[in-house]
Amino acid sequence: MLLRLVKKLHTYAGLLTFLNLAVYGVVGLSIPFLRQSRTAPPVITYRNFTVPPNLTDRQVAEQICSLLHLSLATPVNQAAIQHDAANNLFLDFWHANGRDQVTVLEKERRLRIETTRNSLGLYLYTLHETTAAFHSSDWRMQLWADYNEFAMWCLLGMIASGFAMFLVSRARSRLAQISLATGCCLFAGLYFWTR
Amino acid sequence: MSMYQKLRGLHLATALFSLVFLLAYGISAVELAHRKWFTHPEQSTVQTRKLAPGITDARVLVREWRGELESIENSPGVLKFRVTTSLGTKHEVAYSITTGETTVKTTTISFLTTLAWIHVSHGIWAFAAALVSLALLTLGATGIYLWFHNHNERWIGGVLVAAEVVITAALIISMRGG
């Protein structure tokens, strides 16, 4: 009875987090190649923008974020608000899709926008590491972060329940024993070799 | 042996082979996501050694230790450098060029922090991550087959997996759009 319950939980945890776990898998597979893929070269564009009077730098940053549809970069991080050598307001927005560096050219009444777009691999890498500890003003990212947190715990739950099922019902399987021993030895060998 | 039995065997063998790795990645994921929940103690030991005097290149001396040469400080008569292993053990070395007297401060990190280093480490661990990821994808594919074979749970499982895939895929695609 208990074994059936554990098996059910194992199955449903897997079904409920199938795509998240697939993202983990794809990201892990692409890690050895991520350094080479990196990002596309930045694209520089200009856009007309008049800074309204009596706004704080943060309020200007929030307006620009909204204007450029950078909701994934919200709430605006304090570190994103800077000033360049000419004392122009310089906004450095990091988000899952890459980076937008905006220089507010107040006298010229325009924005200089340098956009660097992450490759698909880096985008998924960012998503895989986004959990509930991260707070976003974008509801889609917050929903993803919360669900990803759930997937992380489900993965641990599946490891525990899977191992319990093995102990109860398949502990005598020679193939299973050899697989477990090989994995453990490989991990231990790598651990002590690289420590 | 039926296809079901073969895939069940593959599911079991893959899961057990990657069990320790998956556990390490799973625990370190929690550690990385919630760093405030854990303490990160470090332990240091200091050791003195006598090396051949007269060496002025840290790259020659560094061969005594395994790891990445991270920083070099060249003050008069003394060569200082730091070597960090793939899993975060640090060796801070101060070498006297005239006498060869060498002080090595070795700092080791806690087991949990080491797991976090494994999670983000490059080199051989990146290939281990790739191997385990392949295992994870295999577990997903075989798991779906095994579940689908169980006729009693097809409907409820089908609804759950469809809802999950549609919602998460919609989020991934929509956020990629900006």
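Sequence order for the protein chains is G and P.
In case it helps, this note's numbering puts the first sequence at residues 27 to 221.
In case it helps, this note's numbering puts the second sequence at residues 25 to 202.
All C-beta atoms in this analysis are idealised placements derived from N, C-alpha and C, irrespective of residue type, glycine included.
query = Just to confirm, are residue 106 of chain G and residue 98 of chain G a CB contact at a threshold of 7 Å?
reply = Indexing the first sequence from 1 puts residue 106 of chain G at position 80. Indexing the first sequence from 1 puts residue 98 of chain G at position 72. Not closer than 7 Å, so no.
inquiry  = Suppose the cutoff is 6 Å on Cβ atoms and the five residues either side in sequence are ignored; what does the same chain contact list for residue 139 of chain P look like?
reply    = Sequence index remark: in the second sequence, residue 139 of chain P carries index 115 (1-based). Hits under 6 Å: 48, 51 and 52.
ask   = Nearest to residue 139 of chain G by CA position, among G/176, G/169 and G/128, is which residue?
value = One-based indexing of the first sequence puts residue 139 of chain G at position 113. Minimum Cα distance to residue 139 of chain G is reached at G/128.
inquiry  = Tell me the DSSP secondary structure of residue 10 of chain G in three-state form.
reply    = In this structure chain G extends from 27 to 221, so residue 10 of chain G is not present and cannot be described.
ask   = When the cut-off is 7 Å and only beta carbons count, does residue 188 of chain P lie next to chain G?
value = To locate residue 188 of chain P, count along the second sequence from 1; it is residue 164. True, the Cβ-Cβ gap to chain G drops below 7 Å.
ask   = Any Cβ of chain P within less than 7 Å of the Cβ of residue 125 of chain G?
value = On the first sequence, residue 125 of chain G is found 99 positions in, with the first residue counted as 1. With 7 Å as the cut-off, residue 125 of chain G does not count as an interface residue toward chain P.
message = So, at 6 Å on beta carbons, what are the nonlocal neighbours of residue 101 of chain G in its own chain, with the 5 sequence-adjacent residues on each side left out?
response = Numbered from 1 along the first sequence, position 75 holds the residue referred to as residue 101 of chain G. Here residue 101 of chain G has 163 as same chain residues with Cβ atoms under 6 Å from its own Cβ, once five neighbours each way along the sequence are excluded.
inquiry  = Going by DSSP, what residue range makes up the beta strand (DSSP E) through residue 125 of chain G?
reply    = Your numbering for residue 125 of chain G matches position 99 in the first sequence. From DSSP, the beta strand (DSSP E) with residue 125 of chain G extends over 124-131.
query = Going along chain G, which residues have a C-beta under 7 Å from residue 110 of chain P?
reply = Position 86 of the second sequence, counted from the first residue, corresponds to residue 110 of chain P. The contacting residues are 220.
ask   = When the Cβ atoms of the segment 182-202 of chain P are set against those of the segment 58-67 of chain P, are three or more pairs found closer than 8 Å?
value = no
inquiry  = Is there a Cβ of chain G sitting closer than 7 Å to that of residue 61 of chain P, yes or no?
reply    = Within the second sequence, residue 61 of chain P is the residue found at index 37, counting from 1. No, residue 61 of chain P lies away from the interface with chain G (no Cβ there is under 7 Å from its Cβ).
key: Separation of residue 200 of chain G from residue 180 of chain P, as counted between CA atoms   = Against the second sequence, residue 180 of chain P aligns to sequence position 156. Against the first sequence, residue 200 of chain G aligns to sequence position 174. Their backbone Cα atoms lie some 34 Å apart in a straight line.
ask   = In angstroms, rounded to a whole number, what distance separates the CA positions of residue 49 of chain G and residue 150 of chain G?
value = As a position in the first sequence, residue 49 of chain G is number 23, starting the count at 1. As a position in the first sequence, residue 150 of chain G is number 124, starting the count at 1. Those two C-alpha atoms are separated by around 7 Å.
inquiry  = Are the CB atoms of residue 115 of chain P and residue 107 of chain P within a distance shorter than 7 Å?
reply    = Position 83 of the second sequence holds residue 107 of chain P. Position 91 of the second sequence holds residue 115 of chain P. Remark: C-beta atoms of residue 107 of chain P and residue 115 of chain P approach each other more closely than 7 Å.
query = Mind checking residue 185 of chain G: buried by the 16 CB within 10 Å criterion, or exposed?
reply = Counting from 1 along the first sequence, the entry for residue 185 of chain G is found at position 159. Under this definition residue 185 of chain G is a buried residue.
ask   = Exposed or buried, residue 112 of chain G, counting other C-beta atoms within 10 Å across all chains shown (16 or more means buried)?
value = Working through the first sequence from its first residue, we reach residue 112 of chain G at position 86. Counting Cβ neighbours within 10 Å, residue 112 of chain G comes out exposed, since fewer than 16 surround it.
query = With a cut-off of 7 Å, does the C-beta of residue 210 of chain G fall near any C-beta of chain P?
reply = As a working mapping, residue 210 of chain G is identified with position 184 in the first sequence. Residue 210 of chain G counts as touching chain P.
query = Between the segment 169-179 of chain P and the segment 69-81 of chain P, do at least 3 Cβ pairs fall closer than 8 Å?
reply = no
key: residue 150 of chain P: CB within 6 Å of a non-hydrogen atom of the ligand FAD   = Ligands in the displayed structure: none, and consequently the ligand FAD is not present.
query = Roughly how far, in whole angstroms, is the beta-carbon of residue 185 of chain P from the beta-carbon of residue 146 of chain G, given that I think they are within contact range, below 8 Å?
reply = Against the second sequence, residue 185 of chain P aligns to sequence position 161. Against the first sequence, residue 146 of chain G aligns to sequence position 120. Not a contact, Cβ separation roughly 23 Å.
message = For residue 118 of chain G, report the span of its beta strand (DSSP E) as first-last.
response = The residue labelled residue 118 of chain G in the question sits at position 92 within the first sequence. Note, residue 118 of chain G: beta strand (DSSP E), 115-121.
inquiry  = Tell me the rounded alpha-carbon separation between residue 37 of chain G and residue 191 of chain G.
reply    = Numbered from 1 along the first sequence, position 11 holds the residue referred to as residue 37 of chain G. Numbered from 1 along the first sequence, position 165 holds the residue referred to as residue 191 of chain G. The C-alpha of residue 191 of chain G is placed about 12 Å away from the C-alpha of residue 37 of chain G.
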